[in-house]
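Note sheet for the following structure.
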């Protein structure tokens, strides 16, 4: 497998997530173990009951990406059991058994495609061996079918349920020695399968972090400074404690430096604030309203979005601080170009806004901590809690609940360490729940960014020069988290004379990965500017993109190879399915835009069809997606949902979303000022899988980035007005 | 103060302040966890429950203002329309994270109870108060069509 990465932020994520390696260990119990009730544990992931019901463990956090269903599908396929006999259990956080457990980077498919099928194959081989021993025949003569081992020569058969107890004496085979199924014989992989939790979801059963209940549990709210990480100067704890139902109010000293994640962590740690613990959450909030907190001064309290933009223009006018890439001689090529294009692009800070606000339940007992957390990243949470509370990591148990959305927000475990600290102080099990306002004003934001681009075309309309001065955030040569750009950013390597300059400015706003980190902003900038160049060249933007990709199927070496041939394939497919060639027939005020982007190992091209009213209102009529994520769509049902959701998420960001920083704090606090797309705006999204002979890769993210430039390029086609700043401002589009 | 609440056909007594929203009375006091908290200002619809069949936002409805029978996602399957809607949601596997879906199902059930064959425009109007952060809108629309016996496309 090639782990191809586009950009520093992605490398940064992988480094901090510790997922850079190919091999994730999976533990196959040395011998099968009998459990209560006749249930037989075949290995760390598989249990078989006498009645043939197979319980498969899902190791990773479920955040709505459908992993709790998809990972067990891989095991069940090679185990050769009917899906209807499968039950799924959620694992606790336990890296000694499961290796890394996280939801991020669209990594679960590439990391588990091979391993999880082998987990199933090992369990199957042990059941076959148990039958062969009982029948005194070679295991090689036995076959399996739907949870039954067969020996055709002697016409004998035995169910897995009857064989499981005999697996205890069998040594598991080396997983690598086992043959895997011919994909043509798959019965589960490739079949549309509903999420395992769906029946519970539609009947409102408790599944989420917010639904956790413990005997004697209290409810907590925690107020932090609007200026990120400022300390508490004073608070009226007595007034809060006078509210009926409030048990305790106290200052959490925290650590103002906890905004900067230490190595191995994403997001924030325990920041200063004031906690209120009560019999119910409403009482806690009423107590909180009386706290009258005074915050200490903080060095970043003058920062603002406006100030960042001004500073970015100033930095762009001067000499860049450093270079990320410098091929050929871009200055000379621009001078010699037949035509040049210059443009400045900008995008804002964004919040994740998962619909379930951050929360966590913690219980402190006899020096040990038990945690129920909707987290995408449990193990760093354990380390953070251990370090902050001064306890041993092994004295912490973390149960992973279903997450009401993640989008990268729950890679940070700030809410977990807060709950742990408050529970210890309160001396009772505590459910900490952030308000929506807490969630939006204390996010780990997608960083804003500024790009100052120049492009040069020769007389034939070829791109002969490409330049970007990226003004971002950071200190010295280190980008703020998720604020980076890699040297390989497209069209790096595809234009002879190309330079990427970098300058950064300091930032007091916590940043981190938002779904398709880096890519969710860079795709907009680069794919829009390439569209500008296409129009400047008088070319069809689709043909222009194909020409830019060139004739080589792959450019660069693993792990940073770019499969230009795969991208050309999805571009052509998107063009065909959308009727791109006939777009000139669209009525006035309508247009189609095309964009493509490679991220998270997936190649995506998308076409958007928009109508823009004379008042400047944008209606997206339809989006077409051509996707190349390799040779196998594991669960077409979940896969389609992910792609459609990602596209609408991208459109929602582009049309509506912006976090404004003023006086060092986030202005937008709830859905009235930070609107999310609603059903009346959601266009149909048609998806085509372009199957290529490559290993299957993930779908949580890569459909999002090209949706944004497809939209803005379509707006240009409809109106002749170029969107160079997000979110789209209807005032700019007024006829 | 003690309030008597009929929830899903069962009478409960909740001793809470009169200004406590119905949502928190249900969740923290009565342990009825299906209705969800998303915004607290009637913007997202995750907290939607029915009072006498009418959808309301329980996050902004004080418990003292509740007059009538409360139905939550846990009880909506006992109504013929609610059962159909839950089945359509299951058949089409609408959810991604699933957090908003109790509210979506409550709004969809209220729509179909008063308008058995809604048009796309009717669906937009009735459902635009419910945010799905995962943006499962295509399937929400299709599930409502299916539950109403109309073509899904």
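Protein chains in written order, with our numbering: chain A, 1 to 735; chain B, 1 to 153. We put the beta carbon where it would ideally sit given N, CA and C, even for glycine.
Mind reading off the beta-carbon distance from residue i to residue j? Whole number of angstroms is fine, and I expect it under 8 angstroms.
i, j, result
"residue 461/A", "residue 569/A", "That pair is no contact at about 23 angstroms."
"residue 620/A", "residue 608/A", "6 angstroms"
"residue 741/A", "residue 322/A", "Outside the shown range of chain A, which is 1 to 735, sits residue 741/A, and nothing can be said about it."
Which term fits residue i, buried or exposed, when burial requires 16 or more other beta carbons within 10 angstroms of its beta carbon?
i, result
"residue 257/A", "exposed"
"residue 33/B", "buried"
"residue 252/A", "buried"
"residue 515/A", "buried"
"residue 21/B", "buried"
"residue 493/A", "buried"
"residue 646/A", "buried"
"residue 184/A", "exposed"
"residue 11/B", "exposed"
Is the shortest distance between the beta-carbon of residue i and the beta-carbons of chain A less than 8 angstroms?
i, result
"residue 131/B", "yes"
"residue 21/B", "yes"
"residue 47/B", "no"
"residue 107/B", "no"
"residue 56/B", "no"
"residue 151/B", "no"
"residue 119/B", "no"
"residue 71/B", "no"
"residue 127/B", "yes"
"residue 13/B", "no"
At the 8 angstroms Cβ level, is residue i part of the contact set with chain B, yes or no?
i, result
"residue 713/A", "no"
"residue 728/A", "no"
"residue 354/A", "yes"
"residue 197/A", "yes"
"residue 204/A", "yes"
"residue 436/A", "yes"
"residue 446/A", "no"
"residue 63/A", "yes"
"residue 807/A", "Residue 807/A cannot be examined here, being either before or after the span of chain A that is shown, 1 to 735."
"residue 405/A", "yes"
"residue 677/A", "yes"
"residue 281/A", "yes"
"residue 634/A", "no"
"residue 27/A", "Residue placement at residue 27/A is poorly supported in this model, since its pLDDT is 47, which falls under 50; the coordinates are not used for a value here."
"residue 399/A", "no"
"residue 244/A", "yes"
Looking only at its chain, what residues have a beta carbon closer than 8 angstroms to the beta carbon of residue i, apart from the 5 residues adjacent to it on each side?
i, result
"residue 207/A", "197, 200, 201, 401 and 402"
"residue 182/B", "Residue coverage of chain B in this structure runs from 1 to 153, which leaves residue 182/B outside it and unanswerable."
"residue 724/A", "343, 344, 345, 346 and 528"
By Cβ distance, which residues of its chain are closer than 6 angstroms to residue i, with the 5 residues on each side in sequence left out?
i, result
"residue 13/B", "2 and 4"
"residue 467/A", "330, 454 and 499"
"residue 636/A", "192"
"residue 573/A", "626, 688 and 690"
"residue 28/A", "Bear in mind that the predicted position of residue 28/A carries a pLDDT of just 49, short of 50, making it unreliable; the figure below should be weighed with that in mind. Hits under 6 angstroms: 43, 122 and 172."
"residue 650/A", "704, 707 and 708"
"residue 527/A", "595 and 709"
"residue 95/A", "379"
"residue 316/A", "452, 469 and 471"
Return helix, strand or coil for residue i, following the three-state DSSP convention.
i, result
"residue 44/B", "coil"
"residue 596/A", "strand"
"residue 345/A", "strand"
"residue 393/A", "helix"
"residue 74/B", "coil"
"residue 10/A", "Unreliable positioning characterises residue 10/A in this predicted model, as indicated by a pLDDT of 42, which lies under 50. The coordinate reading is nonetheless provided below. Helix."
"residue 580/A", "helix"
"residue 142/A", "strand"
"residue 494/A", "coil"
"residue 196/A", "coil"
Who are the near neighbours of residue i in its chain, counting only those whose CB is closer than 7 angstroms to its CB and skipping five residues on each side?
i, result
"residue 418/A", "222, 270 and 432"
"residue 128/A", "139, 142, 144 and 149"
"residue 39/A", "47 and 49"
"residue 108/A", "60, 67, 71 and 698"
"residue 542/A", "571, 575, 580 and 594"
Can you find a heavy atom of the ligand PLP that lies under 7 angstroms from the Cβ of residue i?
i, result
"residue 210/A", "The ligand PLP is not part of the structure shown, which contains no ligands of any sort."
In chain C, which residues lie less than 9 angstroms from residue i when you measure between Cβ atoms?
i, result
"residue 641/A", "Going by chain labels, chain C is absent from the structure shown, which instead holds the protein chains A and B."
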